[in-house]
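Written below as structure tokens is the structure these notes are about.
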Amino acid sequence: MALPQLLHSSSSIISHKSLFNPSNYLLNQNPDKFFTTTHSCSHRRRQRRKPNSLRCSASSFSEKHHTNSPKSDDVVELPLFPLPLVLFPGAILPLQIFEFRYRIMMHTLLQTDLRFGVIYTDSTTGTVEVGCVGEVIKHERLVDDRFFLICKGQERFRVTKFVRTKPYLVAEVVWLEDRPSGNGEVEDLDALANEVEMYMKDVIRLSNRLNGKPEKEVQDLRRNLFPTPFSFFVGSTFEGAPREQQALLELEDTATRLKREKETLRNTLNYLTAASAVKDVFPSS
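First residue of the sequence shown: 1, per UniProt numbering; consecutive thereafter.
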């Protein structure tokens, strides 16, 4: 399905890294910023409610879930916000809304719902079909009608049909879920997640060394997360590589996602190991 190319200035994002660098793994090494340890894999239908202001703390992840789990074949309409980044379930996304059409969208959301779809777009690939729901958990409206938002990633979706493009993009979507693990696969997933965590710790340690930071013991990165939410957390740390992040988001198998992340981290570790060896031989380089 051909999707319209709707590009937006990166200035509409409060924080966004545009270049891939192994050291970017340092930026998001605490999953508590993205998930709670009581993460549920079930998705919930939305309820109407007023958002918190930026002065209030966000509720826990489990409290933000909705009352009924949508089926993967449920079709719903969702306003879309194409951005040059990838949002993962559980990840936190700060946004500044200043374009007129998205200010209109925000006024609608504040009166009806607090959820919209974030889909990745760039000048080369255009707009993708798979995205992630962003739920507004904090907001501040400025005097010039701009909005500062703090959003949290919820369920993933796939666009099936565009309903309208003006004043903003609205599409029919279906929900995506990872395929359930079979008997005996749960322990394998847990072991795989532990391997990925080990590689992340090594990457962080070597990145710290190359950047002149203390090589102290890296904290527990997984924090009792189940393999699926942990795989989303790992993907969210691959800042500056949005196409790789998009590929991870689209996968519907936790094991495949973790294996791909393990390979990426292993390659990054090899790069950092070589860079560290060069630095030891040529300290001034």
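Note that CB positions come from ideal geometry on N, CA and C, so glycine has one too.
Closest Cα partner of residue i within the set the options
i	options	result
residue 125	246, 275, 166, 271	246
residue 142	107, 132, 127	107
residue 84	269, 258, 240	240
residue 153	132, 120, 168	132
residue 129	135, 117, 123	117
residue 210	119, 134, 222, 280	280
residue 217	273, 226, 204	204
residue 267	252, 238, 250	238
Pairwise C-alpha distance: residue j and residue i
i	j	result
residue 75	residue 175	8 Å
residue 173	residue 197	33 Å
residue 101	residue 165	10 Å
residue 290	residue 82	The question about residue 290 has no answer, for the chain in this structure spans 1 to 285.
residue 188	residue 182	10 Å
residue 261	residue 87	16 Å
residue 276	residue 212	11 Å
residue 265	residue 252	20 Å
residue 34	residue 139	Note that residue 34 scores 46 on pLDDT, short of 50, meaning its location in the model is unreliable; the coordinates nonetheless yield the value given after this. Taking the straight line from one Cα to the other gives about 18 Å.
Cβ separation of residue i and residue j, assumed to be a contact under 8 Å, to the nearest whole Å
i	j	result
residue 95	residue 169	That belief does not hold up - the Cβ atoms of residue 95 and residue 169 are roughly 16 Å apart, past 8 Å.
residue 202	residue 269	5 Å
residue 147	residue 103	7 Å
residue 80	residue 119	6 Å
residue 233	residue 134	Wrong, their Cβ atoms sit about 16 Å apart, outside the cutoff.
Residue i, buried or exposed, once every other Cβ within 10 Å from all chains shown has been counted against 16
i	result
residue 282	exposed
residue 271	exposed
residue 167	exposed
residue 214	exposed
For this session: Only counting runs of 4 or more residues, tell me where the alpha helix (DSSP H) segments fall wholly within the segment 213-277, in order along the chain.
Result: 227-236, 242-250
Exercise. Which whole runs of the beta strand (DSSP E) in the segment 146-183 are 3 residues long or more, in chain order?
Worked result: 147-164, 170-176
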